[in-house]
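Residue numbers (the numbering used here), protein chains in the order written: chain L, 29 to 296; chain F, 184 to 451.
Every residue gets a Cβ at the ideal spot worked out from N, C-alpha and C, and that includes glycine.
Owing to the predicted nature of the structure, the values given are computational and were not obtained by experimental measurement.
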Amino acid sequence: MSGKSRQWFAVRGPVTATQKIVSALLVWAIFFAAWEFMSFAGLVNPLLVPPPHKVVATLVDLFVNRGFTGDVAISVGRVMFSFAIACAIAVPLGVLMGVFPSIEAFLNPFVSGWRYLPAPSFIPILLMWFGTGEAPKLVLLVIGVIFFLITLIMDHTKEVRQELIETGMTLGADRMTIVRTVVVPAVLPNILVAMRQMLAVSWTYLVIAEIVASTDGIGAMMMRARRFLHTDEIMSGIIVIGVLGIALDILFRYLHAWFFPYLSKSKS
Amino acid sequence: MMTVPTSSSSSKLSINDLTKRFAMPRGEEIVAISGVSFDVEENQVCVILGPSGCGKSTVLRMIAGLERPSSGSLILDGRSIDGPGRDRGMVFQAYTSFDWLTVRQNVEYGMRINGVGAKERRSRADHFIKLVQLSEFADAYPSRLSGGMKQRVAIARTLANDPELLLMDEPFGALDAETRWHMQELLVEIANNTSTTIIMITHDIEEAIFVADKIVFMSRHPGRVHRIIVPEFKGGERIADKEALIAREGYAELEREIMRLMRQQGGH
Chain L
29 MSGKSRQWFA
39 VRGPVTATQK
49 IVSALLVWAI
59 FFAAWEFMSF
69 AGLVNPLLVP
79 PPHKVVATLV
89 DLFVNRGFTG
99 DVAISVGRVM
109 FSFAIACAIA
119 VPLGVLMGVF
129 PSIEAFLNPF
139 VSGWRYLPAP
149 SFIPILLMWF
159 GTGEAPKLVL
169 LVIGVIFFLI
179 TLIMDHTKEV
189 RQELIETGMT
199 LGADRMTIVR
209 TVVVPAVLPN
219 ILVAMRQMLA
229 VSWTYLVIAE
239 IVASTDGIGA
249 MMMRARRFLH
259 TDEIMSGIIV
269 IGVLGIALDI
279 LFRYLHAWFF
289 PYLSKSKS
Chain F
184 MMTVPTSSSS
194 SKLSINDLTK
204 RFAMPRGEEI
214 VAISGVSFDV
224 EENQVCVILG
234 PSGCGKSTVL
244 RMIAGLERPS
254 SGSLILDGRS
264 IDGPGRDRGM
274 VFQAYTSFDW
284 LTVRQNVEYG
294 MRINGVGAKE
304 RRSRADHFIK
314 LVQLSEFADA
324 YPSRLSGGMK
334 QRVAIARTLA
344 NDPELLLMDE
354 PFGALDAETR
364 WHMQELLVEI
374 ANNTSTTIIM
384 ITHDIEEAIF
394 VADKIVFMSR
404 HPGRVHRIIV
414 PEFKGGERIA
424 DKEALIAREG
434 YAELEREIMR
444 LMRQQGGH
């Protein structure tokens, strides 16, 4: 083996930043090249699998000429609004359940039960209760993530070390002061991590909600396109959903570094 | 150098016939400590020493109010100890810096939750940060500090809160040998420069002889006070230089004597 390949394929060896970027671009380039080649060679039905360059052209056209931005904004708005509601309930409940075993003993059987009920199974009854407006979508998105969020936050709260709590007690803190000045700041970074994980799940339920019953949003656009066999539009929708998901994930990572600078060892 | 306080009629802390039993899952009981009695004088450095499993941590936790005795009494300044409070600050073996606060904010924490004004807080914090030689790190976050520095933050934070007792549960147990020895010297200095009474737990004989005005030697199964040892060879002084201490006549004899006790009681 040459020195170069030994360097690139060292067992458990470190991967440089450049190598990471090159590798990430390369794997996607291979994927799109293979796809483009299969379309070009006539190996796939162009009606069902349009070539990538056509999907990209459609994507641009959707944004520039056909008001797709509005659909994207509606979808993002639904996720953000429902997720804010879910967090507003789950964060205080999860923390209290993680601090007070008596609250956990009361609420956890309820929360655990709901975790095993798949949120999409509520779609028929939500449609009957709320019709086809915004309400059933928001409710679906909330119940899809809230019970997992509560459980994750409760578990993270339980992981706050007992010595930190006892230190607070021997410095004269009462119960609520302990929760406010020790437990909450200690668990906050992990709460943000839990939120980042569950936001991805929320995004999944959004598409389900919009595909089943909606006239606007990314999912609705994709279902309309299906009726007219516009596979290029469906694929554009998939790409937009993926890119937005990654963008939100990166945003949360930046928020984490920004809110919790003390977790990085390099500088103060 | 300072003269060490000796026994007086009214002790700072008086422990009488203390017993702690733990219930085991199958209904059996384990007697962790039994009939423990000893006194600690104002401004004394009292070290509780003994083989592992002798219940010395349990005794300290009961003084802190973090555990309740099964029977017996703990009297501090004429009042019975009931639950944790700011008059008994504890430093643990595990690092307990609040990572989200700077060194100064950590040291101010106890004063802040107890309603001490900002100005006094600041000046007291600066004083104790200086005492533990961390002035140049006052605005740094704990993640930038070494283990020994984190323990110094914990000691400064406890002292700044002006407790009657400074309780330390093997505070230097996780530190490397050199840091440990510096911390012991620092502790002797602190004892000479504050009016706080110190109770410290260790299983390190050298450490015990170095810092103690009085050693409570405990044996195990169940934990009892085996002997009270006053290092007479120090001639009623605290010696802040460890080399000077070891060079003193009488040091080696005492160390040998305690090692013999440890071997008998440890059952190895």
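Per DSSP, the bridge partner or partners of residue i
i	result
F/D222	F/S197
L/R224	Bridge partners of L/R224: none, in fact.
L/K82	DSSP output for L/K82 lists no bridge partner at all.
F/K397	F/C229
F/V408	F/M401
F/G272	F/L349
F/I258	F/S197 and F/S263
DSSP state of residue i mapped onto helix, strand, coil
i	result
F/R421	coil
F/I216	strand
F/C237	coil
F/M383	strand
L/F256	coil
F/T285	coil
L/L234	helix
F/A452	Examination of residue 452 of chain F is not possible in this model, given that chain F is present from 184 through 451 alone.
F/D265	coil
L/S296	Confidence in L/S296 is poor, its pLDDT being 39 and thus under 50, which makes the residue's placement unreliable; the coordinate value appears in the next sentence. Of the three classes helix, strand and coil, the one that applies to L/S296 here is coil, per DSSP.
L/G141	helix
F/P414	coil
L/S103	helix
L/S130	helix
L/T205	helix
L/F280	helix
L/P74	coil
F/G330	helix
L/D244	coil
F/D359	coil
F/E426	helix
F/A323	coil
F/L317	coil
L/G159	coil
L/Y290	helix
F/L249	coil
Buried or exposed (CB count within 10 angstroms, at least 16 for buried), residue i
i	result
F/E415	exposed
F/E361	exposed
L/S103	buried
L/Q47	exposed
F/M184	Per-residue confidence for F/M184 stands at a pLDDT of 46, beneath the threshold of 50, marking its modelled position as unreliable; the derived number appears in the next sentence. Exposed, because fewer than 16 other Cβ atoms sit within 10 Å of the Cβ of F/M184.
F/Q447	exposed
L/Q190	exposed
F/E353	buried
F/M442	exposed
L/P120	exposed
L/W27	With chain L covering 29 to 296 only, the question about residue 27 of chain L has no answer from this structure.
L/Y144	exposed
L/E181	Per the sequence shown, residue 181 of chain L should be read as Ile rather than Glu. Buried is the call here.
L/T160	exposed
F/D359	exposed
F/E511	Chain F is shown only over 184 to 451; residue 511 of chain F falls outside these bounds and no answer can be derived.
Residues near residue i in its chain [Cβ-Cβ closer than 7 Å; skip 5 each side]
i	result
L/V127	T185, V207 and V211
L/A147	L168, I171, G172 and Y233
F/K333	Y278, S280 and P325
F/F221	I198, V399, V408 and I411
L/G124	Correcting the residue identity first, residue 124 of chain L is Leu in this sequence and not Gly. The answer, listed in chain order, is I131.
F/P346	R269, D270, R271, G272 and T379
Own chain residues within Cβ distance below 8 Å of residue i, not counting five before or after
i	result
F/V315	R335, V336, I338, A339, L369 and I373
L/P79	W63, E64, S67 and F68
L/F91	T97
L/T205	G196
L/T259	L75, L76, V77, P78 and A253
Cβ shell of residue i (< 6 Å), same chain only, five flanking positions each side left out
i	result
L/A237	K165 and L168
F/D424	none
L/F256	none
F/V308	One point to set straight first is that residue 308 of chain F is Ala, not Val, in the sequence displayed. Result list for F/A308: R287, V290, E291 and A343, in chain order.
- [ ] Compile a chain-ordered list of the residues in the stretch 317–328 of chain F whose CB is closer than 8 Å to at least one CB of chain L.
- [x] D322, A323, Y324, P325, S326 and R327
- [ ] Below 7 Å between beta carbons is the criterion; list the residues of the stretch 399–417 of chain F that meet it against any residue of chain L, in chain order.
- [x] none
Open item on the list: Taking beta-carbon pairs under 8 Å, can you tell me which members of the stretch 204–226 of chain L lie near chain F?
Closed with: T205, T209, V210, P213, A214 and L216
Open item on the list: At a CB distance below 7 Å, what residues from the stretch 284–307 of chain F approach chain L? Give them in sequence order.
Closed with: Y292, G293, I296 and N297
- [ ] Taking a Cβ distance cut-off of 7 Å, strictly less, list which residues of the stretch 190–205 of chain L are near chain F, in chain order.
- [x] E191, L192, E194, T195, M197, T198, L199, G200, A201 and T205
Task: Residues in the stretch 265–278 of chain F having any Cβ partner in chain L nearer than 7 Å - done: P267, G268, R269, R271, G272, M273, F275 and A277
Open item on the list: Counting only Cβ-Cβ distances shorter than 9 Å, please list the residues of the stretch 249–263 of chain F near chain L, keeping chain order.
Closed with: L249
TODO: Scan the stretch 325–351 of chain F for residues whose Cβ lies nearer than 9 Å to a Cβ of chain L and list them as they occur along the chain.
DONE: P325, S326, R327, A337, R340, T341, N344, P346 and L350
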